[in-house]
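Notes to accompany the following structure.
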Amino acid sequence: MLVFDVIGAVANAATAIGLGFAGFTYFRDSKRKAKQDTLEAYSRLQRETLSEINKWLPSEIKKATEDKTSDAYKELSGYLAEIERFCCGINEGIYDFDTFYHLSHGYFDSDKGLLKPRLMPLLEVKLANARDDYFGNIHRVWERMGKK
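In the working numbering, each residue carries its 1-based index in the sequence shown increased by 1298.
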């Protein structure tokens, strides 16, 4: 009977070690996948959205916001929506914040960088009469980046 107890204890210990290793492997692989997904999503955002908005001068964007029915305003609004959607992925943990930070710090979050001065005129117009912050994901990402 003692032999069966020892064998059972060894089997239970081996199972626990195996489960611990499987959990560690799953966590490591999940974190790696989130980083990889972030790289891919940011690359797509850069190609389809950020590169396009970079073609606009902040003064051109400010002028475009004067006519909310213009094609320019609609185009810029689409870019802003894509950036908000990406930031939602960051805030929800779908994408890895640290990887994003390493890729975009200075460009995405700096008041003197390329992106933020282009987004601010759009955000100011869109939020001027809003009761809610419809671009809260962008604002939360900027806040997180500022704290890092």
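Here a beta-carbon is modelled for each residue, glycine too, at the ideal position from N, C-alpha and C.
- Between R1442 and F1395, the C-beta gap is smaller than 9 angstroms, which places the two residues in contact.
- Taking all protein chains in view, the Cβ of D1407 is crowded by 16 or more other Cβ atoms within 10 Å, so the residue is classified as buried.
- Segment contact: the region 1431 to 1438 against the region 1368 to 1375, fewer than three CB-CB distances shorter than 8 angstroms; contact not assigned.
- Fewer than three Cβ pairs drawn from the region 1379 to 1392 and the region 1352 to 1368 lie within less than 8 angstroms of each other, which leaves the two stretches out of contact.
- Here D1431 carries a coil assignment [DSSP, helix/strand/coil].
- DSSP, read as helix, strand or coil, puts D1365 in coil.
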